[in-house]
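What follows is a set of notes on a single structure, which appears directly below.
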Amino acid sequence: MSDDTIRLVTIGRILRRRRRLLAVLAVVGALVGYGTSVLFPPRYTASASVLLPGQWEERELLTQAEIATSSAVVDRAAATLRWKGVGGGELRDRVSARTADGNIIKISGTAGTPQRAQQLSDRVAQQFVTFAARIADESTDPDAAAGAEALRQKVAQTNRRITDLADAADPGRTVEGVQARTELEKLRTALQEAMKKLDDAAPATNKAGMVVMGPAARPTGEAPPTRTQLIGAGAVLFFLLALLGHLAAARVSRRLRTEPEIAAALGSALLGTVEVPDERPAHRPGGSGLWAWIRWLLGVDTRWHLPTPRMSGDEADRRIRYRRVCARLREQLPAPRQLLVVVPDGDEIARRAAGQLVAEAESDPSWNSSSTEHPLLPVVGVSVSRPLVPDRGTESGVLVVLSADSWTAGELAGIAEACADAGHEVVGVVVAGTVRVRPMRTRPSGRPSQHATPSSAVDGAVRGGSV
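Using my numbering, the first residue of the sequence shown is number 272, and each one after it goes up by one.
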């Protein structure tokens, strides 16, 4: 799997075979989100709108928004609120301002209760309007204002004089009279345009009238992130982390998947592959102790990354593979001799395959012709963490039975070294896999299948040879 592209079928396999673990981790994430919401109390946000009349450019509106959240405004609002233990420095982190369409600045305040959030946004908006008006008054020169007013009066007098001259002129009877009246109207228009430009050039008088557009609405819900959002985010985060953890573990896995790699790690020849029916795990943990029960409850005691077993033929087809393995063993051994079958501990598939192989060897006449008093294929389980194989007695070699994609090259090399230390030679390797069994056809009563495998022989071989 480490070299494969991650596909949706892989994610679906994780969801199907690790659903209990993923559900538990999602619940843990939800509890973490709930704990986070308890540590951080809920917040409420209210907004007040301030209208800026006149013509404003975008950069000027942004400047006014910065002024609304400045320390000069927020400190004045904190002084009027008089909240115990809350100063202007803390309030600056709770106040924000942004521009909106129509020359509107929205001032938002965040507090622990809806009432305080409403009060904060209203006071900051009021102090902002007061501060802006004060700046406009201070920036206005009294002499310049008096000169502008005198100029307006002078223009008004000039307009009245132009009107008198137009009325005294010849009322359109001669060409000279028409020209005079036309020139006077042009002069009047020029004066009006000049006054308009003069008014536009005085921003302190045109832009000082900011208005608070009513009190802020009291918030009815918490400001994000709410407790529900934190609980949901914690559950989703832990679920995704668990999913990514499974994918990362599969990516870096060093377990051997192919038969040649397994045979090379054990330093022996591959005798063949055998199949066992895929069975649901028993409703009990595969070991003793609290940790075994926890692994069983979470569903992590079985491998999730193995592909879905393919459909197999009937039992006769599966027994053919076991017979071929026994035939290859007879070809390698000069006579039927006792072999030690080694199965890694925890490999349930290999354990069942080894039992089936023992039963097939016992039913083979060529093996039964031997006069040995001991079983030809005793089965022993070996721990991969600390492999220990019984010392050599009457056995003429070791046959290793294991499943693919279960063990690393280092673990298999340890088993091979344990066999060598005990004086055994690994004469062959058998790789076991699972298949789905087709529904059996009904047979007439009293006629058992000619290929039926004695289950008592299989279980007895495994129990009798285990150490």
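Positions of the beta carbon are idealized from the N, C-alpha and C atoms, including for glycine.
For residue i and residue j, what's the separation of their Cα atoms in angstroms?
i: residue 291; j: residue 297; result: 10 Å
i: residue 628; j: residue 663; result: 21 Å
i: residue 573; j: residue 392; result: 59 Å
i: residue 370; j: residue 386; result: 24 Å
i: residue 691; j: residue 594; result: 27 Å
i: residue 530; j: residue 311; result: 56 Å
i: residue 822; j: residue 543; result: Residue 822 is absent from the model: the chain starts at 272 and stops at 738.
i: residue 432; j: residue 389; result: 57 Å
i: residue 648; j: residue 523; result: 36 Å
i: residue 489; j: residue 372; result: 22 Å
i: residue 626; j: residue 650; result: 8 Å
i: residue 534; j: residue 302; result: 48 Å
i: residue 486; j: residue 320; result: 8 Å
i: residue 450; j: residue 396; result: 57 Å
i: residue 701; j: residue 287; result: 30 Å
i: residue 678; j: residue 501; result: 41 Å
Please classify residue i: does DSSP put it in a helix, a strand, or coil?
i: residue 353; result: coil
i: residue 696; result: coil
i: residue 596; result: helix
i: residue 369; result: strand
i: residue 590; result: helix
i: residue 279; result: helix
i: residue 674; result: strand
i: residue 704; result: strand
i: residue 330; result: helix
i: residue 434; result: helix
i: residue 528; result: coil
i: residue 669; result: strand
i: residue 491; result: coil
i: residue 460; result: helix
i: residue 679; result: strand
i: residue 341; result: coil
i: residue 629; result: helix
i: residue 571; result: coil
i: residue 482; result: strand
i: residue 618; result: coil
i: residue 393; result: helix
i: residue 685; result: helix
i: residue 408; result: helix
i: residue 635; result: coil
What do you get for residue i, buried or exposed, if any count of 16 or more other CB atoms within 10 angstroms of its CB means buried?
i: residue 546; result: buried
i: residue 618; result: buried
i: residue 610; result: buried
i: residue 499; result: exposed
i: residue 285; result: buried
i: residue 565; result: exposed
i: residue 520; result: exposed
i: residue 283; result: exposed
i: residue 562; result: exposed
i: residue 356; result: exposed
i: residue 404; result: exposed
i: residue 280; result: exposed
i: residue 354; result: exposed
i: residue 394; result: buried
i: residue 377; result: buried
Taking the beta strand (DSSP E) that residue i falls in, what are its first and last residues?
i: residue 543; result: 541-548
i: residue 611; result: 611-615
i: residue 317; result: 315-322
i: residue 652; result: 650-653
i: residue 380; result: 375-382
If you compare alpha carbons, which of the options is closest to residue i?
i: residue 374; options: 395, 500, 326 and 704; result: 326
i: residue 503; options: 708, 289, 300 and 339; result: 300
i: residue 341; options: 650, 399, 481 and 531; result: 399
i: residue 623; options: 464, 304, 668 and 673; result: 673
i: residue 289; options: 631, 571 and 585; result: 571
i: residue 436; options: 507, 453 and 355; result: 453
i: residue 675; options: 695, 323, 525 and 455; result: 525
i: residue 635; options: 516, 667 and 601; result: 601
i: residue 592; options: 313, 466, 703 and 449; result: 703
i: residue 667; options: 689, 603 and 682; result: 603
i: residue 430; options: 406, 402 and 461; result: 461
i: residue 658; options: 541, 615, 305 and 354; result: 615
i: residue 368; options: 360, 507 and 332; result: 332
i: residue 631; options: 597, 349 and 683; result: 597
i: residue 685; options: 654, 376, 335 and 528; result: 654
Going by DSSP, what residue range makes up the alpha helix (DSSP H) through residue i?
i: residue 295; result: 290-310
i: residue 363; result: 359-363
i: residue 659; result: That residue, residue 659, is in no alpha helix (DSSP H); it is neither H nor E in DSSP.
i: residue 604; result: Note, residue 604: premise wrong, no alpha helix (DSSP H); not H, not E.
i: residue 507; result: 498-522
Tell me whether residue i counts as near the ligand COA, meaning its Cβ is closer than 7 Å to at least one heavy atom of that ligand.
i: residue 601; result: Among the components of this structure there are no ligands whatsoever, and the ligand COA is therefore not found.
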